[in-house]
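Here the structure comes first, spelled out in structure tokens, and everything after it is commentary.
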Amino acid sequence: MKGNKVPSPYLAELKSLFLAIGEDWKDTGEHFIPLRSGGQIDLKAASFPLITFLSGRRVILDAYDKLPDRVRKLIEESWSSYRVVPLGKEDSLANTLQEIISKAGYVRVLNKGETLDFDGPIPVSVSAHWVLVRSEKPLKNGFGTVVLALGGQRGMEQVSPAVEAFLEAMGIKVISFPPATGSTDVTQVKVDEIDAGKGVKDLVEAILRATGHKFKEDVGIPVMGNEKSDFNLVVKADIFLRTRKQDSIIDLTGIEKDMVSFLKDHEFRVLQLAGVTDPEAIVADTLGFLEIPFDRGLHSLNATQGSSALQIKIKIQGVVFADADKNAVIATPLFLSSDLKQFLAQKGFRILQLTTL
């Protein structure tokens, strides 16, 4: 005889997961399903929980695997929005979820090994056992995309609250099941921000201080002659310092080309930044002048650890370099929310927030 004496052992887990996803779960009372051929089928919800999905699809779970195939077909043939999933006692949670998800009517479903990319000022890529696209439009309530990952007996490592909050602001919900055993609290890290000031000069000086360079500002530099000479040539330097054991000038106001050539002939190093308005370029040019290694571009940062199925990458445009104490610094023109700043701090970055010049 078809059926099990006890319900599926995963019923509680399934309820918890689908409620967390944002779907409606009914397991009390009764379901009354009219049939196209006449009559109706009455099902007790405790034995046949009903999941109503955002798509409008309704999936009946046969908790005891006792509904005859003929009755299941009658339901599905009478209503295109209904599906029935029998829960066999030998089925695993993963296989059961796969069967339900395949019948849920989601816009898109990505399986393990497939990656979903989100464009925007701060691109994000996610992969897990399943990535469920519930809606391609923003939802007033709930999440358009759900990232679902299953762990083993020890559970799945959780993403940090900062990353979780950042993703949820994008309409992405991450569900790891079961949660990792033991404490999963991520210690809040102090966010270390470098003040970039309000202009080019402030920005350059912030870089010099961070990298441990001593400098003087707005000073007259004698290029030719001395106190006893009848002729002295003095050049005003916006910023004066020593690099490569040479006198060096960072020009912000615009020294004439002939004078720049003259200075170089007299073994001065000159960095011209007058007229440069791209703060990211100013950071890169200054670091290059100081001969400090840097990496300018789109930086892909892992928001998860290890090689588990759950993988989240957050991509931030900017310049990465090391300060005088060998701490990593990321200089970025992007707006960073408090959650993103906390994430970067947890990754060991100091933050140089660039502003429009």
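413 is the number that my numbering gives the last residue of the sequence shown; the numbers go up by one with no jumps.
Even glycine gets a Cβ: it sits at the ideal position worked out from N, Cα and C.
Just so it is clear, the structure is predicted and the values come from calculations on it, not from any experiment.
- Can you tell which of 390, 364, 207 and 244 has the C-alpha that lies nearest to the C-alpha of residue 371? Taking the sequence shown and counting its residues from 1, one reaches residue 371 at position 315. Among 390, 364, 207 and 244, the Cα nearest to that of residue 371 is on 390.
- For residue 243, which three-state DSSP category applies? By one-based count along the sequence shown, residue 243 stands at place 187. Reduced to three states, the DSSP call for residue 243 is coil.
- Message: Could you check whether the region 321-329 touches the region 176-196, counting it as contact only if at least three pairs of C-beta atoms, one from each stretch, sit closer than 8 Å?
- Response: no
- Query: Of all the beta strand (DSSP E) runs that stay within the bounds of the region 291-340, which reach a length of 3 or more residues?
  - Reply: 302-307 and 325-328
- Query: Under the DSSP definition of a beta bridge, which residues are partnered with residue 138?
  - Reply: As a position in the sequence shown, residue 138 is number 82, starting the count at 1. Residue 138 pairs with 114.
- Task: With a cut-off of 8 Å on the beta carbons, I'd call residue 207 and residue 413 a contact; round off their distance for me.
- Result: For the purposes of this step, residue 207 is taken as residue 151 along the sequence shown, with counting starting at 1. For the purposes of this step, residue 413 is taken as residue 357 along the sequence shown, with counting starting at 1. 47 Å between Cβ atoms; not a contact.
- Evaluate residue 90 with the Cβ neighbour count: other Cβ atoms within 10 Å of its Cβ, from every protein chain shown; 16 or more gives buried, anything less gives exposed. Within the sequence shown, the letter at position 34 stands for residue 90. Residue 90 should be labelled exposed.
- Exposed or buried, what is residue 374 when buried is set at 16 or more other beta-carbons lying within 10 Å of its beta-carbon? On the sequence shown, position 318 is the one that residue 374 refers to. Residue 374 is buried by the Cβ-count criterion.
- Message: Once the 5 residues before and after residue 300 are set aside, which same chain residues still bring their CB inside 8 Å of it?
- Response: Taking the first residue of the sequence shown as position 1, residue 300 is located at position 244. The answer, listed in chain order, is 325 and 347.
- Task: Would you kindly report the start and end of the unbroken beta strand (DSSP E) that includes residue 384?
- Result: Translated into the one-based positions of the sequence shown, residue 384 becomes position 328. Run containing residue 384: 384-388, per the beta strand (DSSP E) assignment.
- Checking contacts by CB at 8 Å: is residue 65 closer than that to chain D? As a matter of chain content, chain D is missing from the structure shown, which is built from one protein chain.
- Item | Residue from 163, 103, 383 and 222 whose Cα sits closest to the Cα of residue 85 | Walking along the sequence shown from the start, residue 85 turns up at place 29. Residue 103 is the option with its Cα nearest to residue 85.
- Task: Could you name the residues of the same chain whose beta carbon sits closer than 8 Å to that of residue 227, not counting the 5 residues immediately before and after it, in chain order?
- Result: Here the question's residue 227 lines up with position 171 in the sequence shown. The answer, listed in chain order, is 194, 195, 199, 200 and 201.
- Message: Suppose the cutoff is 7 Å on Cβ atoms and the five residues either side in sequence are ignored; what does the same chain contact list for residue 400 look like?
- Response: Position 344 of the sequence shown, counted from the first residue, corresponds to residue 400. The answer, listed in chain order, is 386 and 407.
- Can you tell me the Cα-Cα spacing of residue 442 and residue 172, whole angstroms? The chain is shown from 57 up to 413; residue 442 falls before or after that span and cannot be answered.
- Query: In three-state DSSP terms, what is residue 380?
  - Reply: If you number the sequence shown from 1, residue 380 lands on position 324. Correct three-state label for residue 380: coil.
- Just the Cα atoms here: how many angstroms apart are residue 267 and residue 249? Taking the sequence shown and counting its residues from 1, the one referred to as residue 267 is at position 211. Taking the sequence shown and counting its residues from 1, the one referred to as residue 249 is at position 193. Computed Cα separation, rounded: 14 Å.
- Please report how far the alpha carbon of residue 331 lies from the alpha carbon of residue 313, in whole angstroms. Against the sequence shown, residue 331 aligns to sequence position 275. Against the sequence shown, residue 313 aligns to sequence position 257. Cα-Cα distance, rounded: 14 Å.
- Item | Assigned secondary structure, residue 399 (DSSP; H/G/I helix, E/B strand, else coil) | The sequence position of residue 399 within the sequence shown is 343, counting from 1. In this structure, residue 399 counts as helix in the three-state DSSP scheme.
- Message: Rounded to whole angstroms, what is the Cα-Cα separation between residue 411 and residue 252?
- Response: The residue you call residue 411 lines up with position 355 of the sequence shown. The residue you call residue 252 lines up with position 196 of the sequence shown. Their Cα atoms are separated by approximately 8 Å.
- Query: Is it right to say residue 64 is buried, meaning 16 or more other beta carbons lie within 10 angstroms of its own, or is it exposed?
  - Reply: For this step, residue 64 is matched to residue 8 along the sequence shown. That one is buried.
- Message: For residue 307, count the other beta carbons within 10 Å of its own beta carbon; 16 or more makes it buried, fewer makes it exposed. Which is it?
- Response: Stepping through the sequence shown from its first residue, residue 307 is reached at position 251. Burial call: buried.
- Looking at the structure shown, is residue 127 part of a helix, part of a strand, or coil, going by DSSP? The residue given as residue 127 occupies position 71 in the sequence shown. Looking at residue 127 - three-state DSSP - the assignment turns out to be helix.
- How big is the Cα-Cα spacing for residue 127 and residue 234? Along the sequence shown, read from residue 1 onward, the residue named residue 127 stands at position 71. Along the sequence shown, read from residue 1 onward, the residue named residue 234 stands at position 178. Their backbone Cα atoms lie some 34 Å apart in a straight line.
- For residue 163, name the three-state secondary structure that DSSP assigns. Along the sequence shown, read from residue 1 onward, the residue named residue 163 stands at position 107. Note: residue 163 maps to coil in three-state DSSP.
- Query: With a CB to CB cut of under 7 Å and the five nearest residues on each side skipped, what residues in its chain are close to residue 354?
  - Reply: Taking the sequence shown and counting its residues from 1, the one referred to as residue 354 is at position 298. Counting only Cβ-Cβ distances below 7 Å, and skipping sequence neighbours, we find 371 and 373.
- Query: Just the Cα atoms here: how many angstroms apart are residue 311 and residue 174?
  - Reply: Taking the sequence shown and counting its residues from 1, the one referred to as residue 311 is at position 255. Taking the sequence shown and counting its residues from 1, the one referred to as residue 174 is at position 118. About 45 Å.
- C-beta atoms of residue 223 and residue 338 nearer than 8 Å: Reading the sequence shown from its first residue, position 167 is the one you call residue 223. Reading the sequence shown from its first residue, position 282 is the one you call residue 338. No, Cβ-Cβ distance for residue 223 and residue 338 is not below 8 Å.
- Task: Take residue 352 as the anchor and find which of 362, 341, 361 and 345 has the nearest alpha-carbon.
- Result: Along the sequence shown, read from residue 1 onward, the residue named residue 352 stands at position 296. When each option's Cα is compared against that of residue 352, the closest is 341.
- Task: Compute the Euclidean distance between the alpha carbons of residue 129 and residue 403, then round it to the nearest angstrom.
- Result: Working through the sequence shown from its first residue, we reach residue 129 at position 73. Working through the sequence shown from its first residue, we reach residue 403 at position 347. Cα-Cα distance, rounded: 54 Å.
- Would you grab the beta carbon distance between residue 156 and residue 141 for me? Rounded to a whole angstrom, and I think it's under 8 Å. Here residue 156 refers to the residue found at position 100 of the sequence shown. Here residue 141 refers to the residue found at position 85 of the sequence shown. 5 Å between Cβ atoms; contact.
- Message: If I follow the unbroken beta strand (DSSP E) through residue 188, where does it start and stop?
- Response: Here the question's residue 188 lines up with position 132 in the sequence shown. From DSSP, the beta strand (DSSP E) with residue 188 extends over 186-189.
- Task: Could you tell me if residue 304 is buried or exposed, where buried requires 16 or more neighbouring beta carbons within 10 angstroms of its beta carbon?
- Result: Residue mapping note: residue 304 aligns to position 248 of the sequence shown, counting from 1. Its Cβ being crowded by 16 or more others within 10 Å, residue 304 is buried.
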